[in-house]
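Here the sequence shown is numbered in UniProt numbering, starting from 1 and rising by one per residue. In this text, a Cβ means the ideal position worked out from N, Cα and C, and glycines have one as well. Scroll down for the structure; my scribbles are underneath it.
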Amino acid sequence: FGLGSIGLAVAEGARLCGATKIIAVDINPEKFEIGKKFGVTDFVNPQSCGDKTVSEVIHDMTEGGADYCFECVGMVSLVQEAFASCRKGWGKTVVLGVAQPGSHLSLSSTDVLCSGKTLTGTLFGGLKPKSDVPILAQRYLDKVTAS
Numbered sequence: 001f002g003l004g005s006i007g008l009a010v011a012e013g014a015r016l017c018g019a020t021k022i023i024a025v026d027i028n029p030e031k032f033e034i035g036k037k038f039g040v041t042d043f044v045n046p047q048s049c050g051d052k053t054v055s056e057v058i059h060d061m062t063e064g065g066a067d068y069c070f071e072c073v074g075m076v077s078l079v080q081e082a083f084a085s086c087r088k089g090w091g092k093t094v095v096l097g098v099a100q101p102g103s104h105l106s107l108s109s110t111d112v113l114c115s116g117k118t119l120t121g122t123l124f125g126g127l128k129p130k131s132d133v134p135i136l137a138q139r140y141l142d143k144v145t146a147s
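What follows is the structure in structure tokens.
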């Protein structure tokens with residue numbers, strides 16, 4: 001959810017991890033072409049969903065919901081929509097966007113307990129600076145020297 005710099009980085013990370021279907025959600029259709037360069041395969045514009053919610057559209061596109069959803073904007077309503085977009089049983093929603101101070105997330109406790117879905121937050125994408133930064137730097141250097 002969101003195709004800014006964080007959302008594009010998430011798409012690239014998903015592509016590098018082997019994801020074959022990467023759905024981007026954004027209200028700015030101009031970002032869709034950029035997203036393709038980062039591995040995005042499908043796009044949903046919330047303003048073009050008609051009578052359906054984004055989560056309903058994603059459930060239709062994925063035959064039951066996404067395995068992973070990433071909220072990259074910082075809007076509580078998008079966290080809720082991302083959670084609703086995840087597949088029951090094992091879907092995982094990761095919050096990367098920072099909402100306004102004082103914002104509160106509201107989810108049904110029954111939905112959280114009985115759905116089998118996970119909601120988590122992360123900083124730096126779960127990166128472990130001491131061990132992961134040298135690996136990323138080496139990947140970059142390998143790519144530069146291969147060019």
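Have a look at the options and flag the residue whose alpha-carbon is nearest the alpha-carbon of residue i.
i	options	result
residue 90	96, 98 and 112	112
residue 35	53, 101, 10 and 47	10
residue 98	75, 55 and 120	75
residue 49	94, 6, 4 and 61	61
residue 40	13, 78, 27 and 53	13
What separation, rounded to the nearest whole angstrom, lies between the Cα atoms of residue i and residue j?
i	j	result
residue 146	residue 137	14 Å
residue 124	residue 118	19 Å
residue 131	residue 1	29 Å
residue 23	residue 67	11 Å
residue 95	residue 82	9 Å
residue 80	residue 108	10 Å
How would you call residue i, buried or exposed, if buried means at least 16 neighbouring beta carbons within 10 angstroms?
i	result
residue 141	exposed
residue 59	buried
residue 20	exposed
residue 93	buried
Does the separation of the CB atoms of residue i and residue j fall below 8 Å?
i	j	result
residue 88	residue 115	yes
residue 164	residue 72	Lying before the first or after the last residue shown, residue 164 is absent from the chain, which here runs from 1 to 147.
Between residue i and chain B, is there a C-beta pair that is closer than 8 Å?
i	result
residue 72	Going by chain labels, chain B is absent from the structure shown, which holds only one protein chain.
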